[in-house]
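Q: For the sequence shown, position 43 (counting from the first letter as 1) is numbered 44 according to my numbering, and the numbering increases by one without interruption. Right, I'll just put the structure down here and ask away after.
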Amino acid sequence: MLLFGSANRDPDVFDDPEDFRLDRGNSEKHIAFGAGIHRCVGAPLARLEMRVVLKEVLQRMPKLSLTNPDDVQVVWTVGREFQRLDSTW
């Protein structure tokens, strides 16, 4: 059985694997979209959609910030989900 929660958290591959960072230089090494012949054909579209969403949200809410960055709650299921993400703008 694969442990999807640990798939992209190898400290030998990713510095600070527990941190969500958009500026990782080796982000192409993650396996969120699969690999090889099983690679998701929609991966480029998903990346484009996320770039557009983040750009638009940050342009429309330039003061967006976490209310308490130390109190971000993440739960582990098949994917990684925020249980709570309080923010102000």
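Quick reminder that beta carbons are idealized off the backbone N, C-alpha and C, glycines included.
Once DSSP output is grouped into helix, strand and coil, what is the label at E49?
A: Note on residue identity: the sequence assigns Leu, not Glu, to residue 49. Reduced to three states, the DSSP call for L49 is helix.
Q: I'd like the list of long-range same chain contacts for A47, defined as Cβ closer than 6 Å, with 5 residues on each side in sequence excluded.
A: None.
Q: Smallest Cα separation from S88: which of S28, Q60, P70 and E57?
A: Checking every option, the nearest Cα to that of S88 belongs to P70.
Q: Measuring CB atoms only, is the stretch 33-46 touching the stretch 12-24, in the sense that at least three cross pairs come out at less than 8 Å?
A: Taking 8 Å as the limit for Cβ pairs, the verdict is that the stretch 12-24 does not touch the stretch 33-46.
Q: Assuming L67 contacts V73 (C-beta within less than 8 Å), just tell me the rounded distance between them.
A: Going by Cβ atoms, the distance from L67 to V73 rounds to 7 Å, so yes, they are a contact pair.
Q: CA-CA distance, V58 and V75?
A: Using only the alpha carbons, I get a separation of about 21 Å.
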